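Novice: In terms of my numbering, the sequence shown opens at residue 10 and continues consecutively. For every residue, glycine included, the Cβ atom is placed at its ideal position computed from N, Cα and C. It should be emphasised that the depicted structure is a prediction, and the values quoted were computed from it without experimental measurement. Shown below is the structure under consideration.
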Amino acid sequence: MNYLNIKDEKLLPTVVELNTLLADYQIYYQNLRNFHWNILGENFFELHEKFEELYTDARIKIDEIAERILTLRYHPMSNLKDFLKTASIEEASSKLTDKEMVKTILNNHATLLVQMTKVIDKAQASNDEGTIDLIGAYIRELEKSSWMLDAFTKETESQLNETVLER
Numbered sequence: 010m011n012y013l014n015i016k017d018e019k020l021l022p023t024v025v026e027l028n029t030l031l032a033d034y035q036i037y038y039q040n041l042r043n044f045h046w047n048i049l050g051e052n053f054f055e056l057h058e059k060f061e062e063l064y065t066d067a068r069i070k071i072d073e074i075a076e077r078i079l080t081l082r083y084h085p086m087s088n089l090k091d092f093l094k095t096a097s098i099e100e101a102s103s104k105l106t107d108k109e110m111v112k113t114i115l116n117n118h119a120t121l122l123v124q125m126t127k128v129i130d131k132a133q134a135s136n137d138e139g140t141i142d143l144i145g146a147y148i149r150e151l152e153k154s155s156w157m158l159d160a161f162t163k164e165t166e167s168q169l170n171e172t173v174l175e176r
């Protein structure tokens, strides 16, 4: 038992999933830096700025995830070799088109969301409300960013689902 009033052995599964999320975020962050540096074409100004916004946000989340692991009284993963071995997200090429970069980021988001769900599941099993609250907010923010990036990839003629409007 510790100051969190949760037994260490109940926290371990959450910490394992948090470390995996930390590894995924590190690779995602590097992909964003890569794209920020290497974007070309007519969408340069818009995407250069957007990638910087996203990697700045990712950098903050990386620190918060590591600090949550420390709060749970475990060591966060901190070596590139371990990040690359653990992460489900892969390093991206710097030779992608603007739309390929955005699609890669959307795929990264999908992977992050899956991992966040795993973290929440483990945190719920140990009544770890702090982790649930932290990751729940991340999910909401990432879903909104994903919606916006997905809209960028669509053609103007694309339409949203109108099923709810038709009765």
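Three or more beta-carbon pairs under 8 Å between the region 161 to 169 and the region 119 to 129, yes or no?
Specialist: No, the region 161 to 169 does not touch the region 119 to 129.
Novice: Buried or exposed: where does residue 1 fall if 16 or more other Cβ atoms within 10 Å of its Cβ makes it buried?
Specialist: The shown model of the chain, from 10 to 176, leaves out residue 1, and the question about it has no answer.
Novice: Tell whether a beta-carbon distance below 8 Å holds between residue 159 and residue 115.
Specialist: In the sequence shown, the residue the question calls residue 159 occupies position 150. In the sequence shown, the residue the question calls residue 115 occupies position 106. For residue 159 and residue 115, yes; Cβs fall inside 8 Å.
Novice: Tell me the rounded alpha-carbon separation between residue 17 and residue 137.
Specialist: What you label residue 17 is simply residue 8 of the sequence shown in a count that begins at 1. What you label residue 137 is simply residue 128 of the sequence shown in a count that begins at 1. Going by the C-alpha atoms only, they are around 11 Å apart.
Novice: Would the beta-carbon of residue 40 fall within 8 Å of that of residue 100?
Specialist: Residue numbering aside, residue 40 sits at position 31 when the sequence shown is read from its first letter. Residue numbering aside, residue 100 sits at position 91 when the sequence shown is read from its first letter. Their beta carbons are under 8 Å apart, which means residue 40 touches residue 100 by this criterion.
Novice: Using a Cβ-Cβ cut-off of 8 Å (strictly less than) and excluding sequence neighbours within five positions of residue 77, which residues of its own chain qualify?
Specialist: For the purposes of this step, residue 77 is taken as residue 68 along the sequence shown, with counting starting at 1. Around residue 77: 27, 139, 140 and 143.
Novice: Hey, how far is the Cα of residue 206 from the Cα of residue 161?
Specialist: What the structure shows of the chain is the stretch from 10 to 176, and residue 206 is not part of that stretch, so it cannot be assessed.
Novice: Indicate whether residue 173 and residue 30 have their beta-carbon atoms separated by less than 8 Å.
Specialist: The residue labelled residue 173 in the question sits at position 164 within the sequence shown. The residue labelled residue 30 in the question sits at position 21 within the sequence shown. Result no, Cβ atoms of residue 173 and residue 30 do not sit closer than 8 Å.
Novice: Inspect the beta-carbon positions of residue 52 and residue 107 and report whether they are closer than 8 Å.
Specialist: Taking the sequence shown and counting its residues from 1, the one referred to as residue 52 is at position 43. Taking the sequence shown and counting its residues from 1, the one referred to as residue 107 is at position 98. Yes, Cβ-Cβ distance for residue 52 and residue 107 is below 8 Å.
Novice: Taking the straight line between their C-alpha atoms, what separation do you get for residue 81 and residue 156?
Specialist: The sequence position of residue 81 within the sequence shown is 72, counting from 1. The sequence position of residue 156 within the sequence shown is 147, counting from 1. Straight-line Cα distance between these residues: approximately 32 Å.
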